[in-house]
Each structure stands twice: as structure tokens, then as C-alpha cells.
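**Student:** Residue numbers (my numbering): 8 to 265.
Using N, Cα and C, we set each Cβ at its ideal position, and we do this for glycine too.
Treat the numbers as computed from the prediction; the structure is a model and nothing was measured.
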């Protein structure tokens, strides 16, 4: 069967397959090393055929640089284990059966995050109301997992978290580390004083606006006496009726006198 193949080996380091290898190659380039050109069609075909989290893959690529087969090193189980299994892999590639690539031929359906998150709220797995944290010197950090929604009307539609920091009588710095979930809608977070009558961005003590999907932002607010805050989370107004999840890590760094 060798007359059907030209065997080649390409290092994961050369193609910067992982963040560590990208950093390593960046240092080598600074030293004058000329790396493998990843814009070449062969390199593009190899990178297209990679399986996520696989340390090494055997790929069969046609003369037209089309992927014909893929065998990740950690998946050489039956029927592709051993010498006969590898020959079977090569033969199936030549026969157009696309071994290891059939999962790539059908695009996965995007997850309906609106339904997933609404179901989680309805079942009680995730709460979206009566949310509160009490912070003390002994327990100065808490996490809240919840959801925010966009407004279906022009009025604000906040998910509100009450933050009780009255234990810090001499004040401190309130820090809110926010991660926004995987749904398509971005989120904004506004911090209000307890006695704010109208929750609206213009009345916020501090805000972070339009945090994109799967991104993180940090809100910090110094205060000089123990007090209660309210954190409002809401979706981008351009996506009405949508929902996304968020994780907020809320903490206080007390002043030296506390």
C-alpha cells in the first residue's frame, strides 16, 4: 500500500498547537528562528484535521489537500488498534469512508440556551429572584450563579442581588468579579446604593456595560462605612426576550482599621 502514500511528520510545536507551544515558538522567533509557514495549504489541511485535546493525530490527506481520514493517537481502539487496524484505517481512507472524520461532516446543532436556562430557573436549579449575600470578616467572599434577561419592554428588567456589607463598619473595597455565560446575549451590571428608588444605569454607583459572551469583567467600589448595595444584571437591549447565565464572585477587602 506504500505506493499510495507519501509519509510526513509535522511537529505540534512547529504549528503552535497549544498556548504553551505558541509561547515557546514566540521566544524562538525572537531568537531568529524561522518557523513553519502556517498559511501554506498543507499546514491549513493539517490544522483543520486536528481533534481537540488530542496530543497527536494520524491524518490521510489527498493530493488536492482534502482530508480523507483521521486517527487520534488516543483512539486507536478496535477496529483500528494494532498493525491490522492501522492498515484498515488507511484502506478506509482510500475508499472514501472518511474514518475519524464522519463526526465533522455533520455540523452540531447550536444549543438552545434560552430553553436550557429557563428550564433551570423553573426547576429551581438556578434562582433569579430574592438573591442576597451577607459578607463578614470571616466570610468575606461569596458566589452567586444566576441569569439575566433582556427587557421585553422599554422598562429595566434587572436580576437584583442584595449585598450586605454592613459588617465592615470602617468600609473597604467591594469587588465583583463577573463571568457571562455562553448564550449569545451580552450583559451589563450596575451597582446601586440600597436606597436608590429607580434602578437605571444613570443612577448607578459604578457599572460595566455589554460584557460579551464567555467574557469576564471586574467591578470595584470603595466605601467608607458598612452599608448595603444592590447589584443589577441585565441583558443587552438589542436582544429583547433573551436570557444568559452569569457567575458573580462578590468580596470585600476591608480597610486596615476593620
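Using 8 Å as the threshold, is the stretch 174-194 in touch with the stretch 204-211, meaning 3 or more CB pairs across them?
**Tutor:** No, because fewer than three Cβ pairs between the stretch 174-194 and the stretch 204-211 fall closer than 8 Å, the two stretches do not touch.
**Student:** Whole angstroms are fine: how far does the CA of residue 53 sit from the CA of residue 41?
**Tutor:** As a position in the chain shown, residue 41 is number 34, starting the count at 1. As a position in the chain shown, residue 53 is number 46, starting the count at 1. Rounded to whole angstroms, residue 41 to residue 53 spans 19 Å at the Cα level.
**Student:** Anyone know if the C-beta pair for residue 153 and residue 193 falls short of 8 Å?
**Tutor:** Counting from 1 along the chain shown, the entry for residue 153 is found at position 146. Counting from 1 along the chain shown, the entry for residue 193 is found at position 186. Contact flag unset, no.
**Student:** Which value, in whole angstroms, describes the spacing of the CA atoms of residue 226 and residue 44?
**Tutor:** Position 219 of the chain shown, counted from the start, is the residue given in the question as residue 226. Position 37 of the chain shown, counted from the start, is the residue given in the question as residue 44. Computed Cα separation, rounded: 42 Å.
**Student:** For my contact list, residue 124 and residue 186 are in at a C-beta cut-off of 8 Å; report their separation, rounded to the angstrom.
**Tutor:** Here residue 124 refers to the residue found at position 117 of the chain shown. Here residue 186 refers to the residue found at position 179 of the chain shown. At roughly 15 Å, the Cβ-Cβ gap does not stay under 8 Å, so residue 124 and residue 186 are not in contact.
**Student:** On the three-state DSSP scale, how would you describe residue 13?
**Tutor:** Sequence index remark: in the chain shown, residue 13 carries index 6 (1-based). Coil.
**Student:** Have a look at residue 262 and residue 231 and give me their C-alpha separation to the nearest angstrom.
**Tutor:** Position 255 of the chain shown, counting from 1, holds the residue named residue 262. Position 224 of the chain shown, counting from 1, holds the residue named residue 231. Computed Cα separation, rounded: 9 Å.
**Student:** Out of curiosity, what's the CA-to-CA distance linking residue 114 and residue 121?
**Tutor:** Against the chain shown, residue 114 aligns to sequence position 107. Against the chain shown, residue 121 aligns to sequence position 114. Reliability fails at residue 114, whose pLDDT of 49 lies under 50, so the model's placement of it is uncertain and the value that follows must be treated cautiously. Each residue's alpha carbon lies about 20 Å from the other.
**Student:** Buried or exposed: residue 190, going by 16 or more other Cβ atoms within 10 Å of its Cβ?
**Tutor:** The residue given as residue 190 occupies position 183 in the chain shown. Residue 190 should be labelled buried.
**Student:** What does a CB cutoff of less than 8 Å around residue 87 pick up in its chain, not counting 5 residues either side in sequence?
**Tutor:** By 1-based counting over the chain shown, the position of residue 87 is 80. Closer than 8 Å at Cβ, skipping near neighbours: 78, 93, 95, 96 and 106.
**Student:** Spatial neighbours of residue 63 within its chain, please: C-beta separation below 6 Å, excluding the five flanking residues on both sides.
**Tutor:** Within the chain shown, residue 63 is the residue found at index 56, counting from 1. 80.
**Student:** How would you call residue 251, buried or exposed, if buried means at least 16 neighbouring beta carbons within 10 angstroms?
**Tutor:** If you number the chain shown from 1, residue 251 lands on position 244. Under this definition residue 251 is a buried residue.
**Student:** Mind pulling the beta strand (DSSP E) runs of 3 or more residues that sit fully within the stretch 53-126?
**Tutor:** 64-68 and 74-79
**Student:** Under 6 Å Cβ to Cβ from residue 65, same chain only, skipping five residues before and after it: list those, please.
**Tutor:** The sequence position of residue 65 within the chain shown is 58, counting from 1. Cβ within range, chain order: 78.
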